[in-house]
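Trainee: Chains A and B supply the protein sequences, listed in that same order. Heads up: the first sequence begins at 17 in my numbering, then just goes up one per residue. Heads up: the second sequence begins at 199 in my numbering, then just goes up one per residue. Each residue gets a CB set at the ideal place from its N, CA and C atoms; glycine is no exception. For reference, the structure I am asking about is given below.
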Amino acid sequence: MSLADPELDADLIEELYARGVTDGLPVVVPTRARVDRAVAASGRGHDELVALVPPNWGRATVEKVAVNAVMAGCRPEYLPVVLAAVEAVCDEVFDLHGVSATTNAPAPLVIVNGPLRATLDVNCGAGVFGSGWRANATIGRALRLVCVNVGGARPGEVSMSTLAHPGRYTYCIGEREEASPWESLAVEHGFAPGDSTVAVLAADAPLGVYDARSRTPEDLLATLAASLAVVSHHKMTHWGDTLLVLSPEHVTILGDAGWSKADVRRWLWGRLQRPVRELLPGRDGGEGLPEHVLRKFADPAHDSTPIPKFRSPDNIKIVVAGGTAGRFSAIVPGWTFSKGSALVFRPIRTPQSGGSA
Amino acid sequence: MSEYLDPTAPVAQPRKTARRPSSLDGKVVTLLDISKAKGDHLLDRIEELLRERAKPKAIVRKKKPTFARPAPDTLRQEIVGGTDVLIEALAD
Numbered sequence: 017m018s019l020a021d022p023e024l025d026a027d028l029i030e031e032l033y034a035r036g037v038t039d040g041l042p043v044v045v046p047t048r049a050r051v052d053r054a055v056a057a058s059g060r061g062h063d064e065l066v067a068l069v070p071p072n073w074g075r076a077t078v079e080k081v082a083v084n085a086v087m088a089g090c091r092p093e094y095l096p097v098v099l100a101a102v103e104a105v106c107d108e109v110f111d112l113h114g115v116s117a118t119t120n121a122p123a124p125l126v127i128v129n130g131p132l133r134a135t136l137d138v139n140c141g142a143g144v145f146g147s148g149w150r151a152n153a154t155i156g157r158a159l160r161l162v163c164v165n166v167g168g169a170r171p172g173e174v175s176m177s178t179l180a181h182p183g184r185y186t187y188c189i190g191e192r193e194e195a196s197p198w199e200s201l202a203v204e205h206g207f208a209p210g211d212s213t214v215a216v217l218a219a220d221a222p223l224g225v226y227d228a229r230s231r232t233p234e235d236l237l238a239t240l241a242a243s244l245a246v247v248s249h250h251k252m253t254h255w256g257d258t259l260l261v262l263s264p265e266h267v268t269i270l271g272d273a274g275w276s277k278a279d280v281r282r283w284l285w286g287r288l289q290r291p292v293r294e295l296l297p298g299r300d301g302g303e304g305l306p307e308h309v310l311r312k313f314a315d316p317a318h319d320s321t322p323i324p325k326f327r328s329p330d331n332i333k334i335v336v337a338g339g340t341a342g343r344f345s346a347i348v349p350g351w352t353f354s355k356g357s358a359l360v361f362r363p364i365r366t367p368q369s370g371g372s373a
Numbered sequence: 199m200s201e202y203l204d205p206t207a208p209v210a211q212p213r214k215t216a217r218r219p220s221s222l223d224g225k226v227v228t229l230l231d232i233s234k235a236k237g238d239h240l241l242d243r244i245e246e247l248l249r250e251r252a253k254p255k256a257i258v259r260k261k262k263p264t265f266a267r268p269a270p271d272t273l274r275q276e277i278v279g280g281t282d283v284l285i286e287a288l289a290d
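If you want it as structure tokens, here you go:
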């Protein structure tokens, strides 16, 4: 096909939509030449198996991922990031089977750390969850297309989410490491500052939190805790990984006061406890502690035993992102109940970092 | 040669629906609770109805550790090796 043949290109865009292999938006036609350029940029072999993608266990080879990345609009040099994200969501810990099939709404949020953010122009700043950056727009989109076309997560057939959310078009951010007083999310999880990584979280849509007036850690964290308390349901407890996205202005309040990330997590975790008596089903909503938990208490209606919102302080994951102006942060609730999904990391292998090894 | 490459992958294991028995009489029936809230209520009622309306050889109750993941291999093997009919219940 010639690039000088826009009519044929348009016909193929219609054909790909009709085949059900798009996300509803027009795609770039994955010609042999375009796919070859992407595979070459990864430094890996066409037939190299990246992962088997649940729930249908389709074979995601480097070339198959590249086809979907081209369709999503990725530049060739983005392919290593998409490959790392595919590997990450196919880790058993991520539970892509559940993420893709559930009636709940999760989409994999891709968080990029390390030097590749600058190389690929991944947006970490103003409008980080929004539109306008090709890397964020297409890396997340490519991952979605792989989940559908290779994993079989067709909406309304296998993917039975009642509502889903717009992150199922694309959901990819970079951490604004340069505006953080702390080590990055990746370094905190054992990577070196020079490593480029992806982390994936099965996540709901971001919930914005507005606090322009707090100037002390205790005031700001009280605000954030109140919004964290309603993740999933206000009486849901023992929740797992959830992301707190602190804006530069908000994190400055914490950093300037000498608080570490661990201090913040411990404070929030301690604050987010409620007594059994406030967690009964039928009191402030039909949800509440499950029967097998309630059976452990002799008189739940009067029991003051504190029950944590999150299983551990470490389940409150923190990144810094967003524009330098504005006292807004966001909570990205994980789909992370007990035995469910959890945050998963993978290093990004480029030809320069030994990707062809 | 096609004008574009196929973005889909053939699934590793094509699925076939198991053959349905014409009667439940004399069969071992497994009722699988997937651990959704109130799934046990639904299965309790199904068990009652099965005992009223059919003559199964046995009714076996099994439970997945979580609804969010596929059944563990050990549980699948127990079911495959020991049952004629499987009824899996979703609830909420």
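1) Exposed or buried, A:Leu-28, counting other C-beta atoms within 10 Å across all chains shown (16 or more means buried)?
2) Should B:Pro-254 be flagged as near chain A, meaning a C-beta pair shorter than 9 Å?
3) Going by DSSP, what residue range makes up the beta strand (DSSP E) through A:Gly-224?
4) Residues in its own chain within less than 7 Å of A:Ser-175 by CB, not counting five upstream and five downstream?
5) Going by beta-carbon coordinates alone, are A:Val-261 and A:Val-216 separated by less than 9 Å?
6) List the residues of chain A whose Cβ lies closer than 8 Å to the Cβ of B:Val-209, in chain order.
7) Name the DSSP beta bridge partners of A:Ile-334, please?
8) Need the endpoints of the beta strand (DSSP E) that A:Leu-41 sits in, please.
9) Assign A:Arg-311 to buried or exposed, taking buried as 16 or more other Cβ atoms, counted over all protein chains shown, within 10 Å of its Cβ.
10) Using the Cα positions of A:Ser-372 and A:Val-105, report the straight-line distance between them to the nearest angstrom.
11) Check whether the Cβ of B:Pro-219 sits closer than 8 Å to any heavy atom of the ligand GDP, and report yes or no.
12) Identify the residues that DSSP records as bridge partners of A:Thr-77: which are they?
13) Give the straight-line distance between the Cα atoms of A:Leu-305 and A:Thr-253, rounded to the nearest whole angstrom.
14) Taking the straight line between their C-alpha atoms, what separation do you get for A:Val-203 and A:Pro-209?
15) For the pair the region 344 to 360 of chain A and the region 257 to 276 of chain A, tell me if three or more CB-CB distances fall below 8 Å.
16) Among residues of its own chain, excluding the 5 on either side of A:His-181, which ones have a beta-carbon nearer than 8 Å to its beta-carbon?
17) Would you please state the rounded distance, in angstroms, between the beta carbons of A:Gly-342 and A:Ser-263? I believe it to be under 8 Å.
18) Taking the runs of the beta strand (DSSP E) that are 3 residues or longer, which of them lie wholly in the region 214 to 262 of chain B?
19) B:Glu-286 CB to nearest chain A CB: under 9 Å?
20) Considering only residues of the region 108 to 190 of chain A, which uninterrupted alpha helix (DSSP H) runs meet the minimum length of 4 residues and lie entirely inside it, listed in chain order?
21) Counting only beta-carbon atoms, is A:Thr-232 nearer than 9 Å to chain B?
Mentor: So, from the listed chains and residues:
1) As a working note, residue 28 of chain A is residue 12 in the first sequence. Buried is the call here.
2) Stepping through the second sequence from its first residue, residue 254 of chain B is reached at position 56. With 9 Å as the cut-off, B:Pro-254 does not count as an interface residue toward chain A.
3) Within the first sequence, the letter at position 208 stands for residue 224 of chain A. Its beta strand (DSSP E) spans residues 223 to 226.
4) Start at 1 with the first residue of the first sequence, and residue 175 of chain A comes out as number 159. So the qualifying residues of the chain are Ser-116, Ala-117 and Ala-169.
5) The residue labelled residue 261 of chain A in the question sits at position 245 within the first sequence. The residue labelled residue 216 of chain A in the question sits at position 200 within the first sequence. Not in contact: A:Val-261 and A:Val-216 (Cβ atoms no closer than 9 Å).
6) Working through the second sequence from its first residue, we reach residue 209 of chain B at position 11. Under the 8 Å cutoff, chain A gives Asn-72, Trp-73, Gly-74 and Gly-168.
7) By 1-based counting over the first sequence, the position of residue 334 of chain A is 318. Paired residue(s): A:Leu-260.
8) As a first step, residue 41 of chain A must be located in the first sequence, where it is residue number 25. Neither: A:Leu-41 is in no beta strand (DSSP E) and is coded neither H nor E.
9) Counting from 1 along the first sequence, the entry for residue 311 of chain A is found at position 295. A:Arg-311 is exposed by the Cβ-count criterion.
10) In the first sequence, counting from the first residue as 1, residue 372 of chain A sits at position 356. In the first sequence, counting from the first residue as 1, residue 105 of chain A sits at position 89. With a pLDDT of 43 at A:Ser-372, under the threshold of 50, the modelled position of this residue cannot be trusted, and the question is left open.
11) In terms of ligand content, the structure shown is empty, and the ligand GDP therefore cannot be addressed.
12) Here the question's residue 77 of chain A lines up with position 61 in the first sequence. Answer is A:Leu-65.
13) Position 289 of the first sequence, counted from the start, is the residue given in the question as residue 305 of chain A. Position 237 of the first sequence, counted from the start, is the residue given in the question as residue 253 of chain A. Rounded to the nearest angstrom, the two C-alpha atoms are 7 Å apart.
14) Residue numbering aside, residue 203 of chain A sits at position 187 when the first sequence is read from its first letter. Residue numbering aside, residue 209 of chain A sits at position 193 when the first sequence is read from its first letter. Between A:Val-203 and A:Pro-209, the C-alpha separation is close to 6 Å.
15) yes
16) Here residue 181 of chain A refers to the residue found at position 165 of the first sequence. Once the five neighbours on either side are set aside, the close Cβ partners of A:His-181 are Ala-121, Ala-123, Asp-220 and Ala-221.
17) If you number the first sequence from 1, residue 342 of chain A lands on position 326. If you number the first sequence from 1, residue 263 of chain A lands on position 247. Contact holds; Cβ gap of about 6 Å.
18) As for any beta strand (DSSP E) of minimum length 3 sitting wholly inside the region 214 to 262 of chain B, the runs are 226 to 231 and 256 to 261, ordered along the chain.
19) Within the second sequence, numbered from 1, the residue matching residue 286 of chain B stands at position 88. So, not an interface residue.
20) 112 to 117, 132 to 135 and 150 to 165
21) Stepping through the first sequence from its first residue, residue 232 of chain A is reached at position 216. Cβ-Cβ to chain B under 9 Å: no for A:Thr-232.
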